[in-house]
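Student: If you read the sequence shown in the UniProt record's numbering, its first letter stands for residue 1, the second for the next number, and so on.
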Amino acid sequence: MNQLDKDLEFVINLARQAGSLVQTVRKSGYKIYDKGMHLGLVTDADKAASQFLVSELSRAFPNDLVISEEESIPSENYPTDRVWFIDPIDGTADFIAGSSEWSVMIGLAINKTARLGVVYQPDSNELYYAIRKRGAFYSNSKDTVKLKVRHLSDPSQAILIQSRMHWSIKADKIAKQLEINQIFKCGSLGLKLGKIAKKEADLYFNFSGHCHLWDLCGPEVILKEAGGTLLFAGINKLYYEVGETRVKYNFLAAPNKLATKVYSILEQEI
Numbered sequence: 001m002n003q004l005d006k007d008l009e010f011v012i013n014l015a016r017q018a019g020s021l022v023q024t025v026r027k028s029g030y031k032i033y034d035k036g037m038h039l040g041l042v043t044d045a046d047k048a049a050s051q052f053l054v055s056e057l058s059r060a061f062p063n064d065l066v067i068s069e070e071e072s073i074p075s076e077n078y079p080t081d082r083v084w085f086i087d088p089i090d091g092t093a094d095f096i097a098g099s100s101e102w103s104v105m106i107g108l109a110i111n112k113t114a115r116l117g118v119v120y121q122p123d124s125n126e127l128y129y130a131i132r133k134r135g136a137f138y139s140n141s142k143d144t145v146k147l148k149v150r151h152l153s154d155p156s157q158a159i160l161i162q163s164r165m166h167w168s169i170k171a172d173k174i175a176k177q178l179e180i181n182q183i184f185k186c187g188s189l190g191l192k193l194g195k196i197a198k199k200e201a202d203l204y205f206n207f208s209g210h211c212h213l214w215d216l217c218g219p220e221v222i223l224k225e226a227g228g229t230l231l232f233a234g235i236n237k238l239y240y241e242v243g244e245t246r247v248k249y250n251f252l253a254a255p256n257k258l259a260t261k262v263y264s265i266l267e268q269e270i
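Set out below in structure tokens:
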């Protein structure tokens, strides 16, 4: 077992513990806060899970940097070769609404490239995980399977996955343009990309400009190891750099062939 295998085993356990913590806070009741600056809502459950994950990761990997959606980012004297990006509750709005479509996400970037990812959906006990160049996997209470995207190139045959809480008029417009009739709605961004990796969806667009590196680090590894990709408008690759964490670029997620075809069709749009 190499170091990344050990890292993965450790953070899978952490994600499960964080998920249980969130469920406990939910049962006892929680407060909701507005982060302001159009940054969305946060709950006591987000904060508790974030503090737990940051503390445990920092203890286990004292030489690594840990960045959480709910914590301040160090301004100086930080390492850059190994950086953990965590989202304690991806899909906070869905969580508040009582949906099960929220997840705990942990990603590891090494030298600015996403290398390891975990997306855990506590309410259904579903887990997506991957190490770069080692494959992506899905497990639930019954079994574990290797993930592979659907290999299709005809956009009209694709299943488009959209946000349940954040409607996109641009995505609807593109769906009509590409004659896509199958639309699937889901909460957490990590779960959306997991659904593509699991052949339950094929195509996702994001035009919000509000995503951050912790939203993509873990899911990117899972999607790519399953045969999919992320394509961004204006850049060839997303680098996981410390400092500005906002992903200001529009992007799409899809199997490789479909992504290339759709991007070329929609280059002006996105």
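Using N, Cα and C, we set each Cβ at its ideal position, and we do this for glycine too. None of these values were measured; they are calculated from a predicted model.
What residue range is occupied by the uninterrupted alpha helix (DSSP H) comprising residue 84?
Tutor: Unbroken run through residue 84 is the beta strand (DSSP E), 82-90; no alpha helix (DSSP H).
Student: Can you tell me whether DSSP reads residue 227 as helix, strand or coil?
Tutor: Reduced to three states, the DSSP call for residue 227 is coil.
Student: Alpha carbon to alpha carbon, what distance is there between residue 101 and residue 188?
Tutor: Answer to the nearest angstrom: the Cα atoms are 6 Å apart.
Student: Measure the C-alpha to C-alpha separation of residue 174 and residue 263 and round it to an integer number of angstroms.
Tutor: About 11 Å.
Student: Do residue 273 and residue 252 have their C-beta atoms within less than 9 Å of each other?
Tutor: With the chain running from 1 to 270 in the structure shown, residue 273 is simply not present.
Student: Under three-state DSSP, which class holds residue 126?
Tutor: Three-state DSSP puts residue 126 in a strand.
Student: Is residue 194 helix, strand or coil when you go by DSSP?
Tutor: Helix, per DSSP.
Student: Do residue 225 and residue 135 have their C-beta atoms closer together than 9 Å?
Tutor: Cβ distance < 9 Å, so residue 225 and residue 135 count as in contact.
Student: Could you pull the DSSP bridge partners for residue 134 from this structure?
Tutor: Paired residues: none, contrary to the question.
Student: I think residue 197 touches residue 218, with their Cβ atoms under 8 Å apart; what is that distance to the nearest whole Å?
Tutor: In fact, because the Cβ distance is near 12 Å, the residues do not count as touching under 8 Å.
Student: Taking the CB atoms as reference points, tell me whether residue 271 and residue 221 lie closer together than 9 Å.
Tutor: Residue 271 is absent from the structure shown; the chain starts at 1 and stops at 270.
Student: Residue 118 and residue 12 look like a contact to me (Cβ under 8 Å); what is the Cβ gap, rounded to whole Å?
Tutor: Their Cβ separation, rounded to whole angstroms, is 6 Å, which keeps residue 118 and residue 12 in contact under 8 Å.
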